[in-house]
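To start, the structure itself, in C-alpha cells.
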Amino acid sequence: MERDQEKLDSFTRRAFFIGALQGVALAALSLRLTWLQVVEGDKYKTLAENNRINVKIIPPSRGQIVDRFGVSLATNLQNFQILVTPEQVENLEKTIVDIKRFISVDDLSIKKALRQAKRNAKFLPVEVRDKLNWDEVSTIELNLAKLPGVFIQGGDLRSYPYKEATAHIVGYVGRVTESEMDKDKSPLLSMPGFQVGKSGIEVEYEEILQGKPGSAEVEVNVHGRTVRELSRTASTQGDRLILSIDAEYQRFVQQRLTTERSAAAVVMDAKTGAVYALANHPSFDPNIFTGGISVMDWEQLRDDPAHPLNNKVAGGLYPPGSTFKMVTALAGLEAGVINANTTISCPGHFDFGNNRFHCWKHGGHGTVNLTKAIAQSCDVYFYKMASALGIDRLAEMTRRMGIGSDLDFDLPETKAGAVPDTAWKRKQKDKVWHPGETINASIGQGYMLASPLQLATMTARLVNGGKAVKPWIAGYSGNKQLYKVSDDDLGFNPKFLEMITKGMEGVLTQGGTAYAMQIKEAGFEMGGKTGTSQVKRITKAERAQGIRRQEDLPWHLRHHALFVGYAPLVDPRYVCAVIVEHGGSGSGAAAPIARDIMLEVQKRNPAIKAMEQT
Amino acid sequence: MSIFKSSFFSDDTTLIGKIRQIAWGQVFLLCIFATIGFLSLYSAAGGHIDPWASQQIVRFGFALGILVAIAVTDIKWVFRIAYPFHGIVIVLLLLVDIFGHVGMGAQRWLDLGVIKIQPSELAKMSTILCLARFYHGKELHEVKQLKNILIPLAMIFIPVGLVVVQPDLGTGLAIVFGGIAMLFAGGVSIWFFVIGISSAVAAIPIAWQLMHDYQQKRVMVFLDPESDPLGAGFHISQSKIALGSGGISGKGFLEGTQSHLNFLPEKHTDFIFTLWAEEWGLIGGLFLLFILGMIILYGYWIAFRCRSQFARLVAFGLTINFSVYVLINIGMVMGLLPVVGIPLPMMSYGGTAMLSVMTAFGIIQCCNVHRDTRLPKGF
Chain A
1 MERDQEKLDS FTRRAFFIGA LQGVALAALS LRLTWLQVVE GDKYKTLAEN NRINVKIIPP
61 SRGQIVDRFG VSLATNLQNF QILVTPEQVE NLEKTIVDIK RFISVDDLSI KKALRQAKRN
121 AKFLPVEVRD KLNWDEVSTI ELNLAKLPGV FIQGGDLRSY PYKEATAHIV GYVGRVTESE
181 MDKDKSPLLS MPGFQVGKSG IEVEYEEILQ GKPGSAEVEV NVHGRTVREL SRTASTQGDR
241 LILSIDAEYQ RFVQQRLTTE RSAAAVVMDA KTGAVYALAN HPSFDPNIFT GGISVMDWEQ
301 LRDDPAHPLN NKVAGGLYPP GSTFKMVTAL AGLEAGVINA NTTISCPGHF DFGNNRFHCW
361 KHGGHGTVNL TKAIAQSCDV YFYKMASALG IDRLAEMTRR MGIGSDLDFD LPETKAGAVP
421 DTAWKRKQKD KVWHPGETIN ASIGQGYMLA SPLQLATMTA RLVNGGKAVK PWIAGYSGNK
481 QLYKVSDDDL GFNPKFLEMI TKGMEGVLTQ GGTAYAMQIK EAGFEMGGKT GTSQVKRITK
541 AERAQGIRRQ EDLPWHLRHH ALFVGYAPLV DPRYVCAVIV EHGGSGSGAA APIARDIMLE
601 VQKRNPAIKA MEQT
Chain B
1001 MSIFKSSFFS DDTTLIGKIR QIAWGQVFLL CIFATIGFLS LYSAAGGHID PWASQQIVRF
1061 GFALGILVAI AVTDIKWVFR IAYPFHGIVI VLLLLVDIFG HVGMGAQRWL DLGVIKIQPS
1121 ELAKMSTILC LARFYHGKEL HEVKQLKNIL IPLAMIFIPV GLVVVQPDLG TGLAIVFGGI
1181 AMLFAGGVSI WFFVIGISSA VAAIPIAWQL MHDYQQKRVM VFLDPESDPL GAGFHISQSK
1241 IALGSGGISG KGFLEGTQSH LNFLPEKHTD FIFTLWAEEW GLIGGLFLLF ILGMIILYGY
1301 WIAFRCRSQF ARLVAFGLTI NFSVYVLINI GMVMGLLPVV GIPLPMMSYG GTAMLSVMTA
1361 FGIIQCCNVH RDTRLPKGF
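These protein sequence lines are chains A and B, in that order. Going by this note's numbering, the residue at position 296 of the first sequence is 296; the numbering climbs one at a time, nothing skipped. Add 1000 to a position in the second sequence, counting from 1, and you land on the number used in this note's numbering.
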C-alpha cells in the first residue's frame, strides 16, 4: 500500500509538471491570438472595411511539346471563360439569363453550371461558358456593371494540332483530381480550372511542363473583385519539350493503319533507340479531354471493343508468335545447341511425349537449316531445338533482348509483359514447368507476352550488332538532354547475328513467308519476320460445325497478325514492329503495312537530320 | 471512510450504475467543442449544411454512442488486451507499409475487405495502453533500471518508425510526444530526460553539417514557411491574414471574408480554427481555447482520481495525446509552429479522426467509471 502511495505521489508531481507546461502552451496560444487579432489586427482591419489585400497565384503557362523538327504537338490557346460566383448573385438562373442577352450560352452548359453550383460551396465560381471570342469578351467587359458577380478569366487551353495522330504519345491534360491534390499540396493545383497531365508525355514530364507560378498582390472589394494590382511576380512557363517523333511521318503511319479495324505500329532507330513514330488505330482526339470530356464521348471511347484509349504499342501485350523465333535461334546458337550446319527434317509435326506439335505447313518443310527455318518459319526446327535448349536458357535470352522489361520507356502506359520460365511458373501459378510448354514458348506462344515496342527493340538489338539499345521519346527540355543512348554490348557472336539476319532477309525473298511484300526500290529493301499469334484454337466441335478458316470466326477470336522489320539491309538504321489485332496472318495483314511505313521512313530519313534544340 | 464510499459506488457493476459514473461534464464540453466544429463547417460551405456539416453531425452522433459503449466496458478487459492490441497494431502497420509500397506512394489505409482501417490512428492509442500496462506492473525503483527504460522506448519507437515511413510525420510525432510524456509520468529518472534532451540539442548542429544544401533549404522552409510565400508559406500567410482581420469581435457568423473569398485553403480541415476565429474574433477564439483547456483539465482530474496506476496513466496519456494535437494544430495556423499538416481533432472534417478522438475519450471515461477497480500486478 505504501508503495502504491509512493507511485501516486510521483505520478501526481510529474503530471502536475506536464499539466503546467500545457497550461503555459495554452496561455501562449491565447497571447498569440490576442497579438494577431488585437495588436497586429489593425493592419488588416482598416482594409477589412472596404478593400482587402490578397495574394493571388498566377498560374504558369504549360510548356510546349514539339517534334524533332520543332513542329508543335501540344500548344496553348488563349481561352476566355465567363464565370459567376453564386454567393454574389441573388439568383444564378436569372444571372445566366442576363448573360444570354449578350452572348450565346447553350442549354447543356447552363445545366452544368447549375449542377456545379449546387454541388460546390457558394463562394466557388462556376463556369458558364468558355472559349469566348474577342467580340464576346469585349461585350461582356463593357457590360460588367450590369452583371454583378460575373467575371471573365483568361486562361490557357491545351491544344493538340495533330489530334488522333499523336494522342497516344503526347497524351492529354485534365482537371486536377482530389487524390492528386492530396498528394501535391501546392496551392497551384487547387486553382479552379488548372490542368495537369493525365496520360502519355504530358503526365510523365509534368514537372518539366508545369512551370513555376507567379503571384500578384491585389486589392479586392467586398465582392471579391480585383480593384487594383499592387505588385506582380510573373510566372515562368514550363520548359519546351522536344520529342524524337517525326510528326509528319507519325501522321503517315497513323493513316496507314486506318485500313485495319485495330492495329498498332512503332518505328525506331536501330542504333539510338529514338522513336520516330508510334501509332495506334483506332485513336482518339485528345482535344476533347481539355476542359472536361462529356459523359457520352467518354462512354463511347471506353466501351469501344477496339479500345481506342489504349496505347497498344507500349501497353498492349500479345503472344509474339513467330516473330519470336529469332530469339529462340540466337539462344540455341549461343548455347551451342545448333550451329550453321545443323539441319533437321520437317515432316509437318513434332512428337514430344504423348503430344504431337504441328508445323503451320501441313506437308512439312523437308530438310531445313537455320536460314530456311527463319525464312519459311518452320515450327518443327524450333520445337526440336527448344526441347534440347530448355526454358530457362531461352528465358534468359528473351530478357537480354528486352522482353519482360519496361525498357525505361517514357510513356507511363508501358507494360513489362511476361517472360515465363520455371521460377516464373512456380511463383505465378504454383505449378511445375512442363517440357511441352517449352515447345510452345519456342514459337512465341503460351504464357509469353510481349509488346510491339519490345519486339521492335528486340529487332534493333539483332540488327545493330547486339547493342542493348532502349527506345525513348523525350529528347530535350530546353538544352537539357533527357535521353541516353544505351549501347552496352550484349556480347553476342557477330557470326550468329549475321546468320539470323540472313534468315530475316530470306523472309522477303523468294520462298520466304512475306516474299510478296518485299520493297522493290533499290537500296530500300527490308528484312523482317512474320508472326501469327493464336488467340483461340479452333476446336474439334467448331471444325465439325464447318469452321475451318480464321475468317469464319468472330473478329475478336481471330489470330493476331504481327511483323517485325528492319531496313536497309546493309547497316540497318530503322526497325519496326506492326501488329494487326485479329488480323489473320502476319504476312497477309501486318507485312503490307510494314512495307509501306519502312519505305516511307527511309525516304524521309529523319535519322540523318539533327534534332532541333531549344 | 470516503474512500470506502466511493469504492462502493463505483463497484456498482450494473449498466445504469456505470452510466451514472461517466463524467458527463467532460462529455458536455466535447459536445460544445463538436458544435463549434459543426458551425464552422456550415460556414465553410458558404452557409450550407452540405457537404460537410451534415456528415460530421451524423458521425459525431455515432461516435458518442461508441464513447458511452467503451466507457461502460470493464477496464479489466482493456487492461488484458493492452499488450496483444499493441502487437496487432504493429503487425497492421507493417502490412500497410508493405502493401503501401506495392500501391506506390503514401498509403495509410489497410483495406480488410469489409472495413478500411487506418492503423496509425490505432497506434496512438495502443502505445499509450501498452506503456500504461507496462508501468502498472513495475515498482518505482524498478522503473529506473536501464532495462525498463529500453523496453518502453521500443514500445514507442517501433510503431513510430513504421508510421514515419508511410510517410506520416504528424502522427509519428504525436506518438513520440505522448510516449515520452508517459515515460515521464511513469517515473523514469529525471536524468534520463536531461541527458536525452541535451544530447538531442547537441546533435542538431552536427546533423545540420551533414545535410546537403537542398536538405538544409527544406528544413529552413519547414521552420520558417513564410520564406517561401508561394509554396509552403502560402497557407500560413493566408491564415494569419484571416485571423488578424477577425479582430476582437470577429466578422460575424458566415461573414468571414478571407475564408469565403477562397483565400484560406483547407478551411474545412487543417485550417478550421482560422475560420472560426475570423468569424467570431478574439472572443470566440479564446472561448474555444477555454473549452479545450477545460476538456484537458477534466482529463487530468480523472487521472488523479484513479486508484490503479494503469487507469491513471491511460487517462493521462490519452489526454496528452489530445492536447498535443490541439496545441500543434492551433500553433500551426497561428504561425507559431511549422506546418506538419495535422487536423484539429473533432472540428476538422473527417470521420477517422473524429472516431479515434471519441474512442480515446471513451477509454478515458472508462478509467473514470472504473477508477476504484483493482488490477493485478503481474501478467
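Even glycine gets a Cβ: it sits at the ideal position worked out from N, Cα and C. Note that this is a predicted model, so its numbers are computed, not measured.
TODO: Per DSSP, which residues does Thr530/A bridge with? Please list them.
DONE: Phe563/A
Task: Helix, strand or coil at Ile1156/B according to DSSP, with G and I counted as helix - done: helix
Open item on the list: Looking at chain B, is there any beta carbon in it that lies within less than 9 Å of the beta carbon of Glu178/A?
Closed with: no
Open item on the list: Taking the alpha carbon of Gln1056/B as the reference point, which residue from Lys1377/B, His1370/B, Leu1095/B and Tyr1349/B has its own alpha carbon closest?
Closed with: Tyr1349/B
Task: Beta-carbon contacts of Arg604/A that lie in its chain and below 7 Å, excluding the five residues immediately before and after - done: Asp246 and Tyr249
TODO: Decide if the region 56-73 of chain A is in contact with the region 231-239 of chain A; the criterion is three or more beta carbon pairs, one per stretch, under 8 Å apart.
DONE: yes
Task: Any non-hydrogen atom of the ligand SAH closer than 8 Å to Thr513/A Cβ - done: In the structure shown, the ligand SAH is absent, as is every other ligand, since no ligand is present at all.
Task: Rounded C-alpha distance that separates Leu73/A from Leu1162/B - done: 45 Å
Open item on the list: Under 8 Å: do the region 1031-1045 of chain B and the region 1054-1073 of chain B share three or more Cβ pairs, one atom per stretch?
Closed with: yes
TODO: Within 10 angstroms of the Cβ of Asp67/A, are there 16 or more other Cβ atoms? Answer buried if so, exposed if not.
DONE: buried
TODO: Quick one: list the residues of chain B neighbouring Ser30/A, beta-carbon separation under 7 Å, in chain order.
DONE: Leu1286 and Leu1289
Open item on the list: Bridge partners for Phe80/A per DSSP, in chain order?
Closed with: Gly154/A
Open item on the list: Across the region 394-412 of chain A and the region 458-469 of chain A, are there enough close Cβ pairs to call them in contact, namely three or more that are closer than 8 Å?
Closed with: yes
Task: Residues near Val601/A in its chain [Cβ-Cβ closer than 7 Å; skip 5 each side] - done: Tyr249, Val267, Tyr276 and Tyr574
- [ ] Starting from Gly19/A, find everything on chain B with Cβ-Cβ shorter than 7 Å and list it in chain order.
- [x] Tyr1300
Task: Contact between the region 1066-1073 of chain B and the region 1115-1129 of chain B (3+ Cβ pairs under 8 Å) - done: no
Open item on the list: Here's the rule I'm using: 16 or more other beta-carbon atoms within 10 Å means buried, otherwise exposed. How should Met296/A be labelled?
Closed with: exposed
TODO: Measuring alpha carbon to alpha carbon, tell me which of Gly531/A, Pro213/A and Thr501/A ends up nearest Thr371/A.
DONE: Thr501/A
- [ ] Reducing DSSP to helix, strand and coil, say where Glu521/A ends up.
- [x] coil
TODO: Measure the CB-CB distance between Thr95/A and Leu29/A and report whether it falls below 9 Å.
DONE: no
Open item on the list: Can you tell me where the alpha helix (DSSP H) holding Gln237/A begins and where it ends?
Closed with: From DSSP, Gln237/A is part of no alpha helix (DSSP H); its letter is neither H nor E.
Task: Close beta carbons around Asn1368/B, own chain, < 6 Å, minus the five adjacent residues each side - done: Ala1023 and Ile1302
Open item on the list: Restricting to runs no shorter than 4 residues, where is the alpha helix (DSSP H) found entirely within the region 428-506 of chain A?
Closed with: 435-442 and 452-463
Open item on the list: Taking the beta carbon of Met1354/B as the centre, do at least 16 other beta carbons fall within 10 Å, making it buried, or is it exposed?
Closed with: buried
Open item on the list: My output table needs one value for Met401/A: the three-state DSSP class, helix, strand or coil.
Closed with: coil
- [ ] Could you tell me whether the region 346-364 of chain A touches the region 412-431 of chain A, where touching means 3 or more Cβ pairs closer than 8 Å?
- [x] no
Open item on the list: Please report the distance separating the alpha-carbon of Thr550/A from that of Phe563/A.
Closed with: Before going on, a small fix: residue 550/A reads as Gln here, not Thr. Gln550/A and Phe563/A: Cα-Cα distance of roughly 18 Å.
Task: Test: Ala48/A CB closer than 9 Å to a CB of chain B - done: Any reading at Ala48/A is ruled out, since the residue's pLDDT is 49, under 50, leaving its predicted position unreliable.
Open item on the list: Using the Cβ count rule (16 or more neighbours within 10 Å means buried), how would you classify Arg1020/B?
Closed with: exposed
Task: Cβ of Gly41/A within 9 Å of any chain B Cβ - done: yes
Open item on the list: Quick check on Ser199/A - is its C-beta less than 9 Å from some C-beta in chain B?
Closed with: no
Open item on the list: At a CB distance below 7 Å, what residues from the region 79-94 of chain A approach chain B? Give them in sequence order.
Closed with: Glu87
Task: chain B residues whose Cβ lies nearer than 7 Å to that of Leu36/A - done: Lys1240, Leu1243, Gly1244 and Met1334
- [ ] Pull up the distance between the alpha-carbon of Gly1285/B and that of Ser1323/B, whole angstroms please.
- [x] 16 Å
Open item on the list: Just to make sure I have the definition right: I need the residues of chain B whose C-beta is within less than 8 Å of the C-beta of Lys484/A. Which are they?
Closed with: In chain order: nothing, as chain B lies at least about 23 Å away.
Task: 8 Å contact criterion, which Leu132/A and Asn76/A should meet: CB distance rounded - done: No, Leu132/A and Asn76/A are not in contact; Cβ-Cβ is about 16 Å, not under 8 Å.
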